[in-house]
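What follows is a short report on a single structure.
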Amino acid sequence: MDKKKLNAKDFINIGIFTVIYFVMFFITGMLGYIPIFAVIIPLVLGILGGIPFMLFLTKTGKFGAATIMGTLVSVLCFLMGQSWISIPFGIVFGFLADLIFKAGEYKSWKHTVLGYCVFTEWVIGSMLPMWIMRDTFFEAYRSKGGTDEYINAVMGLTANWMLPVVIVLGLVGGVIGAYLGKAILKKHFVKAGIV
424 MDKKKLNAKD FINIGIFTVI YFVMFFITGM LGYIPIFAVI IPLVLGILGG
474 IPFMLFLTKT GKFGAATIMG TLVSVLCFLM GQSWISIPFG IVFGFLADLI
524 FKAGEYKSWK HTVLGYCVFT EWVIGSMLPM WIMRDTFFEA YRSKGGTDEY
574 INAVMGLTAN WMLPVVIVLG LVGGVIGAYL GKAILKKHFV KAGIV
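All residue numbers for the sequence shown refer to our numbering, where the first residue is 424 and numbers rise by one.
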(Lines of atoms letter the chains of each structure in order from A; the text may use other names.)
(Lines give C-alpha, C1' and ligand atoms only; values in the text may rest on other atoms or scores of the structure.)
Protein backbone atom coordinates (compact mmCIF):
# COMPACT_ATOMS: atom_id res chain seq x y z
CA MET A 424 0.00 0.00 0.00
CA ASP A 425 1.28 3.49 -0.88
CA LYS A 426 2.03 5.26 2.40
CA LYS A 427 1.86 8.64 0.68
CA LYS A 428 -1.76 8.17 -0.35
CA LEU A 429 -4.71 8.83 1.93
CA ASN A 430 -6.17 5.68 3.45
CA ALA A 431 -9.31 4.85 5.46
CA LYS A 432 -7.69 5.89 8.75
CA ASP A 433 -6.70 9.23 7.22
CA PHE A 434 -10.25 9.89 6.03
CA ILE A 435 -11.54 9.15 9.56
CA ASN A 436 -8.97 11.60 10.98
CA ILE A 437 -9.93 14.22 8.39
CA GLY A 438 -13.60 13.83 9.38
CA ILE A 439 -12.88 14.07 13.12
CA PHE A 440 -10.57 17.07 12.84
CA THR A 441 -12.87 18.86 10.40
CA VAL A 442 -15.65 18.66 13.00
CA ILE A 443 -13.33 19.93 15.78
CA TYR A 444 -12.03 22.75 13.55
CA PHE A 445 -15.60 23.64 12.55
CA VAL A 446 -16.56 23.90 16.23
CA MET A 447 -13.75 26.49 16.56
CA PHE A 448 -15.21 28.32 13.55
CA PHE A 449 -18.68 28.18 15.13
CA ILE A 450 -17.37 29.62 18.43
CA THR A 451 -15.61 32.37 16.45
CA GLY A 452 -18.83 33.08 14.57
CA MET A 453 -20.77 33.35 17.84
CA LEU A 454 -18.33 36.04 18.98
CA GLY A 455 -19.37 37.89 15.81
CA TYR A 456 -22.44 39.15 17.68
CA ILE A 457 -20.01 41.72 19.09
CA PRO A 458 -19.43 44.02 16.05
CA ILE A 459 -15.60 44.15 16.22
CA PHE A 460 -15.43 40.34 16.31
CA ALA A 461 -17.45 40.17 13.08
CA VAL A 462 -14.44 41.79 11.40
CA ILE A 463 -11.55 40.01 13.15
CA ILE A 464 -12.92 36.48 12.59
CA PRO A 465 -9.79 35.37 10.61
CA LEU A 466 -7.51 36.42 13.50
CA VAL A 467 -9.57 34.61 16.15
CA LEU A 468 -10.17 31.51 14.01
CA GLY A 469 -6.47 31.35 13.12
CA ILE A 470 -5.60 31.25 16.83
CA LEU A 471 -8.40 28.94 18.02
CA GLY A 472 -8.09 26.60 15.03
CA GLY A 473 -4.32 26.26 15.42
CA ILE A 474 -4.40 23.51 18.03
CA PRO A 475 -6.75 21.08 16.22
CA PHE A 476 -5.17 21.87 12.83
CA MET A 477 -1.61 21.24 14.03
CA LEU A 478 -2.70 17.93 15.57
CA PHE A 479 -4.51 17.12 12.31
CA LEU A 480 -1.27 17.69 10.39
CA THR A 481 0.74 15.38 12.63
CA LYS A 482 -1.92 12.67 12.27
CA THR A 483 -2.32 12.82 8.48
CA GLY A 484 0.67 14.51 6.84
CA LYS A 485 -0.41 13.52 3.34
CA PHE A 486 -1.28 15.44 0.22
CA GLY A 487 -5.01 16.09 -0.18
CA ALA A 488 -5.91 16.15 3.52
CA ALA A 489 -5.99 19.97 3.78
CA THR A 490 -7.94 20.25 0.51
CA ILE A 491 -10.59 17.85 1.81
CA MET A 492 -10.79 19.66 5.15
CA GLY A 493 -11.05 23.05 3.43
CA THR A 494 -13.81 21.73 1.19
CA LEU A 495 -15.76 20.11 4.02
CA VAL A 496 -15.51 23.05 6.41
CA SER A 497 -16.60 25.53 3.72
CA VAL A 498 -19.54 23.31 2.68
CA LEU A 499 -20.59 23.11 6.36
CA CYS A 500 -20.27 26.89 6.50
CA PHE A 501 -22.58 27.20 3.46
CA LEU A 502 -25.09 24.75 4.98
CA MET A 503 -25.16 26.91 8.12
CA GLY A 504 -26.40 29.83 6.01
CA GLN A 505 -23.18 31.51 4.86
CA SER A 506 -22.54 32.51 1.24
CA TRP A 507 -21.61 29.89 -1.39
CA ILE A 508 -18.43 31.94 -1.96
CA SER A 509 -16.86 30.16 1.02
CA ILE A 510 -16.83 26.86 -0.95
CA PRO A 511 -14.39 27.83 -3.75
CA PHE A 512 -12.30 29.62 -1.11
CA GLY A 513 -12.20 26.45 1.02
CA ILE A 514 -11.15 24.31 -1.96
CA VAL A 515 -8.53 26.75 -3.31
CA PHE A 516 -6.89 27.66 0.00
CA GLY A 517 -7.00 24.04 1.18
CA PHE A 518 -5.25 22.99 -2.04
CA LEU A 519 -2.65 25.77 -1.79
CA ALA A 520 -1.95 24.75 1.81
CA ASP A 521 -1.50 21.14 0.64
CA LEU A 522 1.03 22.27 -1.97
CA ILE A 523 3.00 24.18 0.70
CA PHE A 524 2.96 21.27 3.17
CA LYS A 525 4.10 18.91 0.41
CA ALA A 526 6.91 21.30 -0.62
CA GLY A 527 8.22 20.96 2.95
CA GLU A 528 7.70 17.18 2.80
CA TYR A 529 5.47 17.48 5.90
CA LYS A 530 8.62 17.87 8.04
CA SER A 531 9.45 21.59 7.65
CA TRP A 532 8.14 23.87 10.40
CA LYS A 533 8.50 26.90 8.11
CA HIS A 534 6.24 25.23 5.52
CA THR A 535 3.84 24.13 8.26
CA VAL A 536 3.37 27.71 9.50
CA LEU A 537 3.05 29.14 5.99
CA GLY A 538 0.63 26.40 4.92
CA TYR A 539 -1.60 26.97 7.95
CA CYS A 540 -1.58 30.75 7.38
CA VAL A 541 -2.73 30.16 3.79
CA PHE A 542 -5.36 27.62 4.91
CA THR A 543 -6.81 30.14 7.39
CA GLU A 544 -7.62 32.50 4.52
CA TRP A 545 -10.53 30.25 3.40
CA VAL A 546 -12.71 32.08 5.93
CA ILE A 547 -12.41 35.31 3.91
CA GLY A 548 -14.85 33.69 1.46
CA SER A 549 -17.56 33.58 4.12
CA MET A 550 -16.96 37.26 4.94
CA LEU A 551 -16.58 38.63 1.40
CA PRO A 552 -20.31 39.40 0.92
CA MET A 553 -19.91 42.18 3.53
CA TRP A 554 -17.84 43.97 0.87
CA ILE A 555 -18.89 42.69 -2.56
CA MET A 556 -22.63 42.14 -1.91
CA ARG A 557 -22.97 44.77 0.78
CA ASP A 558 -26.62 45.84 0.41
CA THR A 559 -27.90 42.28 -0.11
CA PHE A 560 -25.84 40.95 2.81
CA PHE A 561 -26.97 43.53 5.36
CA GLU A 562 -30.57 43.48 4.15
CA ALA A 563 -30.65 39.70 4.63
CA TYR A 564 -29.16 40.16 8.10
CA ARG A 565 -31.84 42.75 8.92
CA SER A 566 -34.59 40.36 7.75
CA LYS A 567 -33.23 37.72 10.17
CA GLY A 568 -33.72 40.10 13.08
CA GLY A 569 -30.45 42.04 13.04
CA THR A 570 -30.74 45.40 14.79
CA ASP A 571 -29.96 48.68 13.04
CA GLU A 572 -27.46 49.47 15.78
CA TYR A 573 -25.49 46.27 15.12
CA ILE A 574 -25.71 46.55 11.31
CA ASN A 575 -24.54 50.18 11.35
CA ALA A 576 -21.64 49.26 13.63
CA VAL A 577 -20.50 46.41 11.35
CA MET A 578 -20.96 48.54 8.22
CA GLY A 579 -18.78 51.18 9.83
CA LEU A 580 -16.09 48.55 10.47
CA THR A 581 -16.16 47.15 6.93
CA ALA A 582 -15.03 50.02 4.75
CA ASN A 583 -13.25 48.93 1.54
CA TRP A 584 -9.78 49.60 3.01
CA MET A 585 -10.57 47.15 5.82
CA LEU A 586 -10.62 44.05 3.54
CA PRO A 587 -6.79 43.91 3.10
CA VAL A 588 -6.47 44.41 6.88
CA VAL A 589 -8.78 41.44 7.49
CA ILE A 590 -6.68 39.30 5.10
CA VAL A 591 -3.52 40.25 7.01
CA LEU A 592 -5.27 39.48 10.33
CA GLY A 593 -5.86 35.95 9.01
CA LEU A 594 -2.13 35.55 8.39
CA VAL A 595 -1.29 36.89 11.86
CA GLY A 596 -3.84 34.55 13.45
CA GLY A 597 -2.36 31.67 11.46
CA VAL A 598 1.15 32.34 12.79
CA ILE A 599 -0.04 32.67 16.41
CA GLY A 600 -2.26 29.58 16.08
CA ALA A 601 0.53 27.48 14.55
CA TYR A 602 3.00 28.34 17.34
CA LEU A 603 0.33 27.85 20.01
CA GLY A 604 -0.58 24.47 18.53
CA LYS A 605 3.07 23.41 18.35
CA ALA A 606 3.71 24.47 21.96
CA ILE A 607 0.71 22.51 23.25
CA LEU A 608 1.32 19.48 21.01
CA LYS A 609 5.13 19.37 21.28
CA LYS A 610 5.19 15.60 21.86
CA HIS A 611 3.17 14.95 18.69
CA PHE A 612 5.49 17.16 16.64
CA VAL A 613 8.57 15.31 17.86
CA LYS A 614 6.91 12.00 16.99
CA ALA A 615 5.92 13.27 13.50
CA GLY A 616 9.44 14.63 12.96
CA ILE A 617 8.27 18.17 12.17
CA VAL A 618 11.15 20.56 12.85
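Ideal Cβ positions, reconstructed from N, Cα and C, are used throughout, including at glycine.
Query - Rounded separation between residue 529 and residue 513 - CA only - result: 20 Å
Query raised in the report: Under the rule that 16 or more other beta-carbon atoms within 10 Å means buried, what is residue 537, buried or exposed?
Result: buried
Query raised in the report: Relative to the alpha-carbon of residue 506, which residue among 429, 552, 444 and 602 has its alpha-carbon at the smallest distance?
Result: 552
Query - CA nearest to the CA of residue 590, picked from 462, 603, 612 and 449 - result: 462
Report task. Please state whether DSSP places residue 488 in a helix, a strand or coil. Result -> helix
Query raised in the report: If you draw a straight line from the alpha carbon of residue 609 to that of residue 483, how long is it in whole angstroms?
Result: 16 Å
Query - Run of the alpha helix (DSSP H) containing residue 599, from where it starts to where it stops - result: 585–607
Requested in this report: Quick one: residues in its chain with C-beta nearer than 7 Å to the C-beta of residue 437, no 5 flanking neighbours on either side, listed in chain order?
Outcome: 483, 488, 491 and 492
Query raised in the report: Roughly how many whole angstroms lie between the Cα atoms of residue 480 and residue 550?
Result: 26 Å
Query raised in the report: Which whole-angstrom value is the C-beta distance of residue 508 and residue 548, which I expect to be below 8 Å?
Result: 5 Å
Query - Residue-level contact to chain C via CB, residue 559, 8 Å cutoff - result: In summary, chain C is missing from the structure at hand, where a single protein chain is found.
Query raised in the report: Start and end of the alpha helix (DSSP H) containing residue 509?
Result: 509–526
Query raised in the report: Can you name, in chain order, every residue of its own chain whose Cβ lies under 6 Å from the Cβ of residue 460, other than the five neighbours on each side?
Result: 454
Query raised in the report: Where does residue 427 fall in DSSP's three states?
Result: coil
Query raised in the report: If residue 465 sits next to residue 546, beta carbons under 8 Å apart, how far is it from one beta carbon to the other, in whole angstroms?
Result: 5 Å
Query raised in the report: Going straight from the alpha carbon of residue 674 to that of residue 584, what length do you get?
Result: This structure does not reach residue 674, given that the chain is present from 424 up to 618, and the question cannot be answered.
Query - residue 599 and residue 470 closer than 8 Å at C-beta - result: yes
Query raised in the report: Under 8 Å, do residue 468 and residue 604 count as touching if we go by C-beta distance?
Result: no
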